[in-house]
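Notes to accompany the following structure.
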Amino acid sequence: MLTDLSIRDYAIVQRLDIELHAGMTCVTGETGAGKSIMLDALGLCIGDRADAKAVRAGADRAEISALFSVERLPEAQAWLDRAALLEGHECLIRRTVTSDGRSRAFINGSPATLAQCKELGELLVDLHSQHAHQSLLRRSVQRELLDEFSGASEDASAVAEEAASIRALKLELETLRSSSNEIAERRDLLNYQIDELAALSFGDTELEALESDQKVLSNATWIMETVHAIAEQCASLSDQLRSSVSQLSDDRLGTKIDESRELVASSQIQLDEAASELRRFLDGVELDPERLGEVESRLDTAYSLARKHRIRPEELAGHLETLSTELENLEHGSQRL
């Protein structure tokens, strides 16, 4: 219910304050008395557009305020509550228009858009005139009145929900169909890439082992020659130290030399052990061009696939899982279609 309307410097009105009460209020007057100005001013508060012509000549701006009681308007209260603008049982809408055409709106003191004013206004005011806001001419209102009169409001709501659900499904179907060609192309590419990576069957830690094998196999000759020479040196030094230990065991040297003799003997033993370890290492090194070719071929394939997919070689196994997951999602989308 509109309880107060205040107009300042609007059209030909310099100042007008109207206080309304419960019940029916009639505003009468001959043509040109200004009745329509009141309705136009109220229309500005509930979202009508305005321009500089709305400002009274000689004034800087026009200001219209409309105070409503929303105590018996639960829909309006709910709207205000959702917008965090509810203040008791009253709602004040204020609109200003400057002489240069700029406009501002406020709902309960907070800035608001014209769209908000219009949306709220439809819950507060129902104007039936030759001008705007003729709600009886709106199809939505006509349908609502017809549904209420026929007692079919609940059925109408159910049909509206079903219609909304059908529209959503149609939209989803159109989206899936429009992208079906792209999905098919992507699915073919994923199948090819997955088959390629699966054929390689590259393990998580295989790269490190292959690179180590490649390093040993490609340098087998040098490794064998170098390690063999060092093993021989260790054996030769061990023989020399063994002779030294024998000389240091002479009783004529006394017991004070015992600690030194033990150190030399320990070194001789360590050299023997080192020589044995080097020989065992040599037993595992062999010239195997065929195995070297296999290792290098597998590494080349891994490096090539990694470059192709723009990832590091050690990420090949994880990338295969990622592609497989994407393919499963695409297949699910096809089933959905």
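Numbering (this note's numbering), first residue to last: 1 to 337.
Beta carbons: idealized from backbone N, C-alpha and C, even for Gly.
Run through DSSP, which three-state label would residue i get?
{"i": "R95", "result": "strand"}
{"i": "D343", "result": "No answer is possible for residue 343: the residues shown for the chain start at 1 and end at 337."}
{"i": "F202", "result": "coil"}
{"i": "A132", "result": "Caution is warranted here: a pLDDT of 48 is assigned to A132, below 50, making its placement in the model unreliable, and the coordinate value is therefore given only provisionally. Looking at A132 - three-state DSSP - the assignment turns out to be coil, as it is neither helix nor strand."}
{"i": "V125", "result": "coil"}
{"i": "I64", "result": "strand"}
{"i": "V285", "result": "coil"}
{"i": "V55", "result": "strand"}
{"i": "L85", "result": "coil"}
{"i": "L189", "result": "helix"}
{"i": "E71", "result": "coil"}
{"i": "A112", "result": "strand"}
{"i": "E331", "result": "helix"}
{"i": "D100", "result": "coil"}
{"i": "D48", "result": "coil"}
{"i": "L320", "result": "helix"}
With a 10 Å radius around its C-beta and 16 neighbouring C-beta atoms as the bar for buried, classify residue i as buried or exposed.
{"i": "A66", "result": "buried"}
{"i": "G79", "result": "It is worth fixing the name first, because residue 79 is Trp in this sequence and not Gly. With 16 or more other Cβ atoms within 10 Å, it is buried."}
{"i": "F281", "result": "exposed"}
{"i": "I350", "result": "For residue 350 there is no data in the structure shown, the boundaries of the chain being 1 and 337."}
{"i": "V159", "result": "exposed"}
How would you write the range of the beta strand (DSSP E) that residue i sits in, first residue to last?
{"i": "S244", "result": "Element bounds for S244: not the beta strand (DSSP E) but the alpha helix (DSSP H), 220–248."}
{"i": "L16", "result": "13–19"}
{"i": "R104", "result": "103–107"}
Looking at residue j and residue i, is the spacing between their C-beta atoms short of 7 Å?
{"i": "L241", "j": "V264", "result": "yes"}
{"i": "R49", "j": "T98", "result": "no"}
{"i": "L323", "j": "Q116", "result": "no"}
{"i": "L271", "j": "L292", "result": "no"}
{"i": "A83", "j": "L124", "result": "no"}
{"i": "G88", "j": "A52", "result": "no"}
{"i": "T96", "j": "R104", "result": "yes"}
Taking residue i as part of the alpha helix (DSSP H), name the residues at either end of that continuous run.
{"i": "A415", "result": "Limits of the chain in this structure are 1 at one end and 337 at the other, which puts residue 415 out of reach."}
{"i": "R139", "result": "139–150"}
query: Would the region 7–16 and the region 47–58 be scored as touching if the rule is three or more Cβ pairs under 8 Å?
result: Using a Cβ-Cβ distance cut-off of 8 Å, the region 7–16 and the region 47–58 are in contact, since at least three pairs of beta carbons, one from each stretch, lie closer than that value.
- Query: So, do the region 161–173 and the region 272–286 have three or more beta carbon pairs nearer to each other than 8 Å?
  - Reply: Using a Cβ-Cβ distance cut-off of 8 Å, the region 161–173 and the region 272–286 are not in contact, since fewer than three pairs of beta carbons, one from each stretch, lie closer than that value.
Next item on the list: Count the CB pairs spanning the region 283–303 and the region 206–221 that are closer than 8 Å, and state whether there are at least three.
Entry: Counting Cβ pairs under 8 Å, three or more are found: they touch.
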